[in-house]
Each structure stands twice: as C-alpha cells, then as structure tokens.
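Under my numbering, the first residue of the sequence shown is numbered 8, with each subsequent residue one higher.
Heads up, the beta-carbon is just placed ideally off N, CA and C, and yes, glycines get one too.
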Amino acid sequence: MYRIGVDVGGTFTDFTLLDDRSGDVHFFKTSSTPHDPSEAIENGLRDMLGELGFAPSSVSYLAHGTTVATNIVIERRGARTGLVTTKGFRDVLELGRQARPSIYDYRMEKPPVLIPRDRRVEVLERIGPDGEVLQALDEDSLREAVAKLAATGVESVAICFLHSYRRPEHEARAKEVVRELLPDAYVSLSSEILPEFREFERMSTVAVNAFVGPRMGSYLQRFRKRVADVGIPAAPYTIHSNGGLMSIDTVYASPVRTCVSGPAAGVVGAAEIGRVAGLPNLITFDVGGTSTDVSLIDNCTPLFNSARLVAGYPVKTPMLDIHVIGAGGGSIAAIDDAGSMKVGPRSAGAAPGPVAYGRGGTEPTITDANLCLGRLDATTLLGGRMQIDLEAARRVIREAIAEPLGISLEAAAHGIIQIANANMSRAIRSVSVEKGYDMGDFALCAFGGAGPLHAAEVAVECGLPRILIPREPGTLCARGMLLTDLSSDYVRSFFSDCTAENWTHVLGLFDAMETEGAAWLDNEGVATGDRRFNRVLDARYRGQNFEVKVDCSGLGDGDLEELEERFHAAHVKEYGYDIRHRAIQLVSARVQAIGAVEKAPQAKVQGGSSLEAAQTGSRPVYYDATHGWLNTPIYHRGDLPSGVSISGPAIINEMSATSLILPGQTVVADRWGNLIVETNL
Numbered sequence: 008m009y010r011i012g013v014d015v016g017g018t019f020t021d022f023t024l025l026d027d028r029s030g031d032v033h034f035f036k037t038s039s040t041p042h043d044p045s046e047a048i049e050n051g052l053r054d055m056l057g058e059l060g061f062a063p064s065s066v067s068y069l070a071h072g073t074t075v076a077t078n079i080v081i082e083r084r085g086a087r088t089g090l091v092t093t094k095g096f097r098d099v100l101e102l103g104r105q106a107r108p109s110i111y112d113y114r115m116e117k118p119p120v121l122i123p124r125d126r127r128v129e130v131l132e133r134i135g136p137d138g139e140v141l142q143a144l145d146e147d148s149l150r151e152a153v154a155k156l157a158a159t160g161v162e163s164v165a166i167c168f169l170h171s172y173r174r175p176e177h178e179a180r181a182k183e184v185v186r187e188l189l190p191d192a193y194v195s196l197s198s199e200i201l202p203e204f205r206e207f208e209r210m211s212t213v214a215v216n217a218f219v220g221p222r223m224g225s226y227l228q229r230f231r232k233r234v235a236d237v238g239i240p241a242a243p244y245t246i247h248s249n250g251g252l253m254s255i256d257t258v259y260a261s262p263v264r265t266c267v268s269g270p271a272a273g274v275v276g277a278a279e280i281g282r283v284a285g286l287p288n289l290i291t292f293d294v295g296g297t298s299t300d301v302s303l304i305d306n307c308t309p310l311f312n313s314a315r316l317v318a319g320y321p322v323k324t325p326m327l328d329i330h331v332i333g334a335g336g337g338s339i340a341a342i343d344d345a346g347s348m349k350v351g352p353r354s355a356g357a358a359p360g361p362v363a364y365g366r367g368g369t370e371p372t373i374t375d376a377n378l379c380l381g382r383l384d385a386t387t388l389l390g391g392r393m394q395i396d397l398e399a400a401r402r403v404i405r406e407a408i409a410e411p412l413g414i415s416l417e418a419a420a421h422g423i424i425q426i427a428n429a430n431m432s433r434a435i436r437s438v439s440v441e442k443g444y445d446m447g448d449f450a451l452c453a454f455g456g457a458g459p460l461h462a463a464e465v466a467v468e469c470g471l472p473r474i475l476i477p478r479e480p481g482t483l484c485a486r487g488m489l490l491t492d493l494s495s496d497y498v499r500s501f502f503s504d505c506t507a508e509n510w511t512h513v514l515g516l517f518d519a520m521e522t523e524g525a526a527w528l529d530n531e532g533v534a535t536g537d538r539r540f541n542r543v544l545d546a547r548y549r550g551q552n553f554e555v556k557v558d559c560s561g562l563g564d565g566d567l568e569e570l571e572e573r574f575h576a577a578h579v580k581e582y583g584y585d586i587r588h589r590a591i592q593l594v595s596a597r598v599q600a601i602g603a604v605e606k607a608p609q610a611k612v613q614g615g616s617s618l619e620a621a622q623t624g625s626r627p628v629y630y631d632a633t634h635g636w637l638n639t640p641i642y643h644r645g646d647l648p649s650g651v652s653i654s655g656p657a658i659i660n661e662m663s664a665t666s667l668i669l670p671g672q673t674v675v676a677d678r679w680g681n682l683i684v685e686t687n688l
C-alpha cells in the first residue's frame, strides 16, 4: 500500500510517496495550475504513479496542503458575503482596533473590508459578558435583516453576535432563519468558528471564513473528484494551520483554518527530521517560487500563535508561528522610481514564471539571476524534465538591470541575490533574535525549491553555525503530510480569578471540550487507543491586556498551587519577569484533540561508494566580488557517501533542489540522507 503527501505551491506542486511495504520514499514535482490547483494534483498523481508503475487503487492515504483559502483573500475573489450582527455593532468590522502599523507612511492604505456596509445588517438582541440575556432575540428584526441580505444577492452569510462565545443560542437561531430564507447560502457562525472573546478579531475571522467558504467548497469538490478520477479510493485529508490534518468535510465548515496549510506541513516535517538528526533547535527556511516562510522550532517543538494577518485581515485561530515574505524564485527584480533595484514582493509565479522557463515571462526573477551566475544548472531542473532558456535569462537581466544601472551582468545578477538574501535574513531575525533567541543555538533548516540555494549565504549573514538540508528539500512540505496527525482545536472563553472554585469550573470546561473532540475523532474513525488531548489555559495578571499559555496537562482538582506556579514560569519565559503578588485572571480554556495516524518512517540511506563516483562534472560559478568565478565541482546527491566531508565550493544537485556550498564551508551527508553544512563562521 502507498501513502501520498501533496503540497500545492504557487509555482510547483510537490508529491511524496511512501511505499509501506519496502519503506522506500519517492519524490515528484509538477508545475502548478493557478486557475485550478486541483488540476496540477491530478496531473501529478497520474504522472508519478505511471512513472513508478504503481496502481492508484493501492493508495491507502492521501493528504494535501493548499493555499487556496489564502489566495482567495489575497485576490479578494471570494463569495458575495453578508454579515448579521447585534444592533449597534455593524461597523466593528471596519473600525477594527485603530492600529497603525505604518504610522508615518501616509501612502499606507488599509485593505477594503470584505463585507461592505450595505451588506452588514443589525438585529435586536444582546448577550452580556457573563452570558446573561440582556435583550431577547427579536425574531421580526432577524427576519427583516435576513430579507435585506437576500435582496442584495449574497451567497454567504457570517453571523456574529456580541458575547455569543458565552451563549450561542441566538446565533444558532439566526442560522435557522438564514437557512429558511436563503437555503443555498453558506452560513458561518462565530460561536462555532471562534468561541472566544475580543469582538473585532472574532468578527473578522468569521467574515474571512464566510468569504472563502463557497469558493473553497467548489475547490474541495473538484479536488475530491479528481482524486477519485485517478482511481485512488482513499478519502483525502487537508493539513490545517496548526500542523494537523482535517477531513474534507471539516475543512469545508472551517476553511479559515487552512490559511497557512502548506507551510505548516513543512515545519512539522522539519521538527521530526531535526529530532532524528540530533538538531532539536531549528529555524525553518522554506523558499518556494513565490514566498519565503520562516519559523522557529525550540527543542523539537514548533512555536504557535493564535492570531495573524492574512492579506491584511486579522484571523484568530490556532496556527504555527510562520512568518511569510514575498521573496521566492519567481520574485521579480526591477528598478524603482529612485533608480534603485528592488526584488519582490511581485512574483512571476507559475504563469508565466521566470523568463528562462520560456512561458511568456518578460521580467527578471531570482531564478533567472541564479541561472546567470551558474548556481543553477540549465539542464537538470526537475531531473531534466524542465527546459531552460539560459540566454533569455541573461538577456533580460542585462537589458532590465545591468545596462540601466551601468554595471556588469554578474554584478546585476549578484545584486538581485544579495537583496533577496537581505530580505530573507530580516524575516529570520524577526522569529529568532527579536524574540530573545540566540542564533548560535540554532541550525537553519533549508527546504523548498530555492531554500538550499540561498541558505549558505543567509546563514552567514544571520550568524547561524550550521545548515540542515533534508532529502529532496523541494518536496519537504509534501513529506510533512506523512509526518503529522489528525487534530482539531476547541476553546471556551470566560473571565474569573484564579480560585479553587473557578479552577474546578475550568476543569469542567476541559472535560466538555474533550467530549466534543472525542465525537469529532469518532467521526474521523480514530480508534480510542490512538487519541490524546492537550489542555492549555490562557491566563494573565489582573490588569494586563494579553495572556500567556499555561500547559495544564496532568493537573486536577487539588493542583491550584501547581497551576499558579506554571503560570508564573510561563510569564517569565514570555516576558522575562513575574509579579507574584498580583492576582491571576483565568481567560480561556483550550483543548487540542489529536488522533494519531501512521507516519512515514525515517529510513537510513545507504549512500554512494565515493565522492569521485558522485561527482558529475564541474562548471564555473560566480560567488561574489571577492571570489569571482570559480570552477566548482558538481555532485549528484543520491550518490554521495555517508559521513564523508566535502569542502566548498560545491554544488549538489537533486530532482527538487540545488544546494550551494560556499568557499570555506564544509558539508557531509549523514546516515539519514540529510546534508549538514558547517558555515565555519
């Protein structure tokens, strides 16, 4: 039987296949199809299974990561959406927090609200912060409001009443009325998507969910059909933002949870690979065709957060802490109005792609620059399956960058790489140094199609002592799909002092959420012995505005003092101090329900016989103004012997990526097939 992981990127769609019987792992890439990402999935599955000679009917597991929901928000091509809310609160979505991220930039504009004011309607009802009914739901005003939305032709409806996280009955009734008057509409309740306090974030999250829901549903239907058309009988899963898996039906109800779907799989995969390789502290460096995603893994544990901006819109849902910037292989280089060169965030993507791909691209990209410098081989991309026009790449960089700036082709191409590396390095510092971590304690885990090509220079710039490059790094996000579990998150907000009575109440909330999670795991077909539940409490000192997360595993009724000690320790870790004389306030209880699934084993790699046998040739490569062009040995990664050190400069080729080793650096292939690069700072 075979298990497959699929990652849909902006430029390429990646596949990893595990043969359960032999333990062999196979990797494959194909060009993405932005007009319909499911088309690339079908094409890749057919080509990969046909190339390997495997029967589709033997595939027992399929999981995929997708950026469809994020792209819908970025491009603002979601459904025509309406909002039903409490009287007096229709403008919360537009007022927001009045935060000014660029307070001195008068050109900065907030993104337009996803639901314009004429499609935001109010209803007479009011729940208080303690859950008391201050104003009963007025059925007449509810029906009148929904009728107004119906007249505007909405396809989707978000419902968000004040304090419904404490008492969801009014929202549930509103859903029934919407179903009655708009039977074909997609309906999203804030009490189901985010039963948590902070009104603006809750309203924004449910608005995003409703905005992407219908389009995401159409994609999921096409995806499911295409998988079935290939002949694969397994019901596919989707990875969501916290690194766990969900069924298609669960994704349809809560598509907002997939906003960092694909990158999350890469972080999960990197954590497991780092654990086996003996490198528990990692900064993940995932460079694809469109973006660079970075995250921090501390002692084999990825960091999480509960809120982020998606294309400028606040989304609050448990997710891995991943920082994304617009810098990838397809990022476009150009000269701005001031006569300076800039790189990104605009990208050539998969269509038309870099100029060298010969698909209609007309602007120079990072990939074109790497080709011009000899860092990429024009004949070996995707194992030789991709045709490259090297002369076209040289011509566009010469005409668009070098000649206008009066510099050489090499200086122009290297300048593109330097600017991209500087942008990537800033992203790495934002998840490490700016959060109090010492770079010297971490290795850079480089993956994605372009990660290993930039990692050597970025690691030096950031002061990282070593680099970990997994096998077939261009497909690690797909491989991560085979290294994660099913999971779902639950939360209940409340406000109370940390007393024995209130702690007992919290334990009751934990039990209720675990019951809800168990029902979900029942529906997913997870055996009782393969389940576990993680309990976390959000708490703060009275008077604070934000909370820290406290691990509550193993705590029971008589453990109030232990809870308080854990809170103080968590506060010290987060902020560097505690205030033991200040009262503690309990805010939200959280449960993560996890269903274990069989994972791809980390198999040892035999390796080749010698470095001489692994070397496929050499070619001139441009490094910098100091070293210039150096004749550089080229190695085939699959033939590298384990444990044998290589001194840079060197280039190591494989199907999904190219690894660049700088002069003065050393690299060795470990017994798991990873490349370990010592940057020799």
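Item                                                                                                                                                              : Value
For the beta strand (DSSP E) containing His33, name the first residue and the last one.                                                                           : 32 to 38
Distance check for Gly422 and Val628, CA to CA, integer angstroms please.                                                                                         : 15 Å
If I measure Cβ to Cβ from Ile659 and keep anything under 6 Å in the same chain, skipping five residues before and after, which residues do I get?                : Tyr642, Arg644, Ser666
Could you tell me which of Arg205, Arg366, Val513 sits nearest to Asp566, measuring between CA atoms?                                                             : Val513
Please confirm if the stretch 560 to 580 is in contact with the stretch 524 to 532, defined as three or more CB-CB distances below 8 Å between the two stretches. : no
Cutting at 7 Å between CB atoms, please list the residues of its own chain near Gln394, excluding the five before and the five after it.                          : Gly365
Could you have a look at Pro352 and say whether DSSP puts it in helix, strand or coil?                                                                            : strand
Give the single residue among Gly85, Val140, Glu139 whose Cα lies nearest to the Cα of Ile122.                                                                    : Gly85
Note down the Cα distance separating Leu460 from Arg205, rounded to an integer number of angstroms.                                                               : 43 Å
Leaving out the 5 sequence neighbours to the left and right, which residues in its chain are closer than 7 Å to Ser148 when beta-carbon positions are compared?   : Val130, Leu131
Residues in its own chain within less than 8 Å of Asp54 by CB, not counting five upstream and five downstream?                                                    : Phe35, Thr37
Between Arg678, Asn687, Leu593, which lies nearest to Gly285 when the distance is taken from Cα to Cα?                                                            : Arg678
Beta-carbon separation of Arg542 and Ile601 under 8 Å?                                                                                                            : no
What alpha helix (DSSP H) runs, 4 residues minimum, are completely inside the stretch 253 to 315?                                                                 : 255 to 260, 268 to 284
For Arg173 and Val66, I'd like the C-alpha separation in whole angstroms.                                                                                         : 44 Å
Suppose the cutoff is 7 Å on Cβ atoms and the five residues either side in sequence are ignored; what does the same chain contact list for Val283 look like?      : Gln609, Trp679
Ignoring anything shorter than 3 residues, give me the beta strand (DSSP E) runs that lie fully in the stretch 410 to 471, in order along the chain.              : 450 to 454
What whole-angstrom Cβ distance do Ser663 and Gly481 have, given they're in contact under 8 Å?                                                                    : 3 Å
Identify whether Glu370 lies in helix, strand or coil by the three-state DSSP scheme.                                                                             : coil
Candidates Pro270, Gly470, Asn552, Gly30: which alpha carbon is nearest Arg433's?                                                                                 : Gly470
Buried or exposed for Ile7, please, with buried defined as at least 16 other CB atoms from any protein chain shown within 10 angstroms of its CB.                 : It is not possible to answer for residue 7, since the shown part of the chain is limited to 8 through 688.
Output the distance between the C-alpha atoms of Val438 and Gly447, rounded to the nearest integer angstrom.                                                      : 14 Å
Cα separation between Ala345 and Gly16?                                                                                                                           : 33 Å
Could you tell me whether the Cβ atoms of Ser171 and Ser198 are closer together than 8 Å?                                                                         : yes
Please report the straight-line C-alpha distance between Val651 and Arg478, rounded to a whole angstrom.                                                          : 16 Å
Per DSSP, which residues does Val128 bridge with? Please list them.                                                                                               : Val91
Return yes when the Cβ of Ala485 is within less than 8 Å of the Cβ of Val75, no when it is not.                                                                   : no
In this structure, how does DSSP classify Cys505 when only helix, strand and coil are distinguished?                                                              : coil
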